[in-house]
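Engineer: Provided herewith is a single structure, encoded as structure tokens, for subsequent inquiry.
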Amino acid sequence: MADANGQELDEKQCRCINPYGEYMIKPLQKVEIKLVEHAPLPNQPEKYIVGPTPWVQRYKIEAHEVEGYLDAPKTLWGTRDRVAYSEIENGTKRITQSLYLVRVDKLKIQKNERNKWRALFSFNGDFYDLPVTDPHADRHLQNPQHQGILCVSLGEKFRPQGSEEDYCYKIVAAII
């Protein structure tokens, strides 16, 4: 989803209302959102522009219900930490969705040498080491009960410094 200018939503825009007030949206909440228009990108085909009306919380998905929402891709858009944008543009790599909710094995959450959170895990036999943008990543270290479920996102087109090629990096957007 994006704002009216096609930009990523910020925290202020990710709020919902319910009978008790207005709150930041949380993982596993189902909300009703007014979508203004479909704005697909080659790397994010399901992208929509959200309207200005408040999001309305409808109910919470319980932890035991998450299984019914899991995706089952063979890989997470291949086995590297990124996808070359040129492969998406020329059709070599077909992107049908840019978000996957998946159960992973051997999940380890840790900080790297630059003090950034990383998720190391195995999915369908392939090893991944991806950056984590979940603002509550540290809470999962204290909770050994987490289910090993991740929301993995294929990011925006980005050209790394010194590179001549654009990439879409894979990101762990949420840890469930």
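Residues in the sequence shown are numbered from 1 upward in steps of one, following the UniProt record's numbering.
Glycine included, C-beta positions come from ideal geometry on N, C-alpha and C.
Please read these numbers as outputs of a predicted model, since none were measured by experiment.
Using beta-carbon positions only, say whether F123 and V104 come within less than 7 Å of one another.
Structural biologist: Yes, they are a contact pair.
Engineer: Mind checking which residues open and close the beta strand (DSSP E) that includes D129?
Structural biologist: Residues 126 to 131.
Engineer: Kindly identify the DSSP beta-bridge partner or partners of W77.
Structural biologist: DSSP lists no partner for W77.
Engineer: What is the DSSP secondary structure of K106, reduced to helix, strand or coil?
Structural biologist: Looking at K106 - three-state DSSP - the assignment turns out to be strand.
Engineer: Ignoring anything shorter than 3 residues, give me the beta strand (DSSP E) runs that lie fully in the stretch 2 to 85, in order along the chain.
Structural biologist: If we require 3 residues or more, the beta strand (DSSP E) runs fully inside the stretch 2 to 85 come out as 15 to 18, 21 to 24, 29 to 32, 35 to 38, 48 to 50, 55 to 60, 82 to 84.
Engineer: Contact check, P42 vs I88 under 8 Å by CB: the rounded distance?
Structural biologist: Indeed, because the Cβ distance is near 5 Å, the residues count as touching under 8 Å.
Engineer: Quick one: is L76 buried, meaning 16 or more other Cβ sit within 10 Å of its Cβ, or exposed?
Structural biologist: Buried is the call here.
Engineer: Would you check if there are 3 or more beta carbon pairs closer than 8 Å linking the stretch 54 to 63 to the stretch 128 to 140?
Structural biologist: In short, these stretches do not touch, since the Cβ pair count stays below three.
Engineer: Using the beta-carbon count (16 or more within 10 Å), is H140 buried or exposed?
Structural biologist: Looking at its Cβ environment, which holds 16 or more other Cβ atoms inside 10 Å, H140 is buried.
Engineer: Looking at the secondary structure, which residues open and close the beta strand (DSSP E) in which R118 lies?
Structural biologist: Its beta strand (DSSP E) spans residues 117 to 123.
Engineer: For V36 versus G51, is the C-beta distance shorter than 7 Å?
Structural biologist: In this structure, G51 lies closer than 7 Å to V36 by Cβ.
Engineer: Which two residues bound the contiguous beta strand (DSSP E) that contains G162?
Structural biologist: Premise fails: G162 is in no beta strand (DSSP E) and is neither H nor E.
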